[in-house]
Ligand code: ADP
Ligand code: MG
């Protein structure tokens, strides 16, 4: 497919420009990672061709020794990284490293926010799929020459990172890609050897450090000056030394997971993890298991210490990498991981997977199901041990990934039993730290029969809820739900160890326990008042024009005048709120306006009603009460201007 014989100059897309500018001018530390990024791209490209060649040998074009070759040219000031991978077509070059900024570019720039932060976040670069551009940190010019198998012509791409690049067709006899970096002066004659990227030992060390487990040999020609020796092996003094060149493989390639657990250092695990998953922070936990028997596999799983930037979006691809006898088979195998554990990164190597296994076959594989079950168990065990042995670590984990686990409870009832003990919530028990349900249960006074929870934006908001008043007075602990999934998760859990969950803003709080005469009393009292106040409650409801499903005397209020609650069944007000935000507003919560009969406002209201049930003032007061209740729930007023006017005219009256 001949695109363009002549050389063209094109502009980078705006975000790419911004990114390049950052690479060229702002980042001074840790520039060495460019090598890791380029090698990882090379290795990905080789993976691709190897995989495709399983069904189409011709793609290899007779060159089946898959490898990465690094070359240093001191005279030319270049460092090149060459692979015989899949290469790119003209269009692919434009698309992948040219004009079109991938979503990752934008996200990456956003994550940096300002240039000061850039250096700390540099380790992130691979995660965002913008690793290629890191070459510009150390280069005045980057040249890429590439050809995919089957194409006659190759493509040459070149840029100095100044906002434009050139692209043209060129001859490229060998399949694959060469990235040729014209190294910046500061890195070609750097005094510190570790900053000199034309120094063969520096390159060797960097490959060891970052790319040791790359599965393909990373080779380099080593030049050595050798003093000639005589027959006895003794150096011949005075004779000119001999220049020899020797090709060395710089990486060990032994897959870490195949080694014995006890012989692997923490740092080795860490480097491996970083390399494979482009994460810069040490994982929170590592699970390394070998299983033999009905199924045979080795799994190496990591629980990251922070959620990737896109974790809670649709863009996040989860799943385990599959290997068969050390050879990469497939990325993101979701069949091996329940969705609520989608934060787990890792790999499974099993001789039971065949190399050219398709996703469809995988979905029906019994072996795979069995392995998946085992992995789930291993993860649960790891989490349990974290929860019991290192609570701060678990709480940190929870902060990052708790939502995924809560989602698991909500999505599938089969998970409930398994996951409920891993839930953590803030609660009224303590202003710091979180509680498990079991801990809540342990603290529950014997007479308390329900597990209470309150929903709100944050601690301050929840603690001000009028619905909390009675519970606070009783000294009953209340779980706080700040996360939108919380109530949905709990709603599907229904109960924990036979104790039902009860929202402070729904239905009957059942404060009337065994010895709680006061509650029984107050309940009976409320019932009496309810009965006796039937006409006025009805009048309030009517005056509110059926905006509420019911008006009742409250048992949960102590000092506030009113609150809004919803009934035991159906959805709650906060759920309605969330659903309407998600444009699923078909469901409406019931709205029950509860009034504190001990409050002066109620007395006033009663007086107004008794004097003239049809008076405008009575009507206005009802509106005001309802408006207050809405506001306290964080809901929108239907008529904010009307509400404000009413408050204003009331204030004017008080003044006079
Ligand atoms: P990522 O590797 O995360 O996709 P990069 O910025 O490192 O992001 O690379 C962008 C894209 O450029 C790659 O996805 C790949 O399609 C292409 N690419 C980069 N290097 C090579 C290479 N050596 N061979 C083939 N394609 C490459
Ligand atoms: Mg990359």
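Numbering (my numbering), first residue to last: 2 to 657.
Ideal placement from N, C-alpha and C gives every residue a C-beta, glycine not left out.
- Between residue 555 and residue 491, the gap from beta carbon to beta carbon reaches 8 Å or more.
- The Cβ-Cβ distance between residue 296 and residue 371 falls below 8 Å.
- With 16 or more other Cβ atoms inside 10 Å of its own Cβ, residue 624 counts as buried.
- Relative to the non-hydrogen atoms of the ligand MG, the Cβ of residue 41 comes within a distance shorter than 7 Å of at least one.
- The Cβ-Cβ distance between residue 298 and residue 236 does not fall below 8 Å.
- With respect to the 8 Å criterion, residue 147 and residue 88 are classified as neighbours on the basis of their beta carbons.
- The alpha-carbon of residue 90 is positioned some 7 Å away from that of residue 156.
- Here the alpha carbons of residue 573 and residue 654 stand approximately 37 Å from one another.
- In the structure shown, residue 281 falls within a coil segment according to DSSP collapsed to helix, strand and coil.
- The DSSP-derived three-state label of residue 179 is strand.
- Residue 271 has its Cβ no nearer than 7 Å to any heavy atom of the ligand ADP.
- Collapsing the DSSP output to three states places residue 422 in a helix.
- Straight across, the Cα-Cα distance linking residue 311 with residue 186 is about 37 Å.
- Between the ligand MG and residue 70, a heavy atom-to-CB distance of less than 7 Å is absent.
- Between residue 339 and residue 305, the C-beta gap is not smaller than 8 Å, which leaves the two residues out of contact.
- Nearest C-alpha to residue 454 among 466, 443, 448, 447: 466.
- Leaving aside the five residues that flank residue 243 on each side, the residues in its chain whose CB is nearer than 8 Å to its CB run, in chain order, 226, 227, 228, 229.
- In chain order, 562 place their CB closer than 6 Å to the CB of residue 602, counting only its own chain and leaving out the 5 sequence neighbours on each side.
- Checking the 7 Å criterion, the Cβ of residue 132 is within range of a heavy atom belonging to the ligand MG.
- Here residue 269 has 257 as same chain residues with Cβ atoms under 7 Å from its own Cβ, once five neighbours each way along the sequence are excluded.
- Between residue 160 and residue 143, the C-beta spacing is below 8 Å.
- When the beta-carbon positions are compared, residue 422 and residue 436 stay at least 8 Å from each other.
- Approximately 21 Å separates the beta-carbon atoms of residue 544 and residue 567; this is outside 8 Å, ruling out the contact.
- Residue 249 carries a strand assignment under DSSP once its states are collapsed to helix, strand and coil.
- Taking residue 67 as the centre and dropping the five residues before and after it, the same chain places the C-beta of 47, 51, 85, 217 closer than 7 Å to its C-beta, in chain order.
- Contact between the segment 27–36 and the segment 54–61 is absent: fewer than three C-beta pairs spanning the two stretches fall below 8 Å.
- For the set 459, 458, 307, the Cα lying nearest the Cα of residue 399 is the one of 307.
- A distance criterion of 7 Å places the beta-carbon of residue 38 in contact range of the ligand MG, judged by its closest non-hydrogen atom.
- Per DSSP, residue 622 is not a residue of any beta strand (DSSP E); the alpha helix (DSSP H) it occupies stretches across 617–633.
- For the pair residue 267 and residue 259, the Cα-to-Cα distance works out to about 15 Å.
- Just so you know, the alpha carbons of residue 57 and residue 150 end up roughly 11 Å apart.
- By the 16-neighbour rule on beta-carbons within 10 angstroms, residue 55 is exposed.
- Residue pairing for residue 148: DSSP places it in a beta bridge opposite 177.
- Secondary structure at residue 507: strand, using DSSP grouped into helix, strand and coil.
- Distances from the CA of residue 488 to each of 178, 499, 505 were compared; the closest alpha carbon is that of 505.
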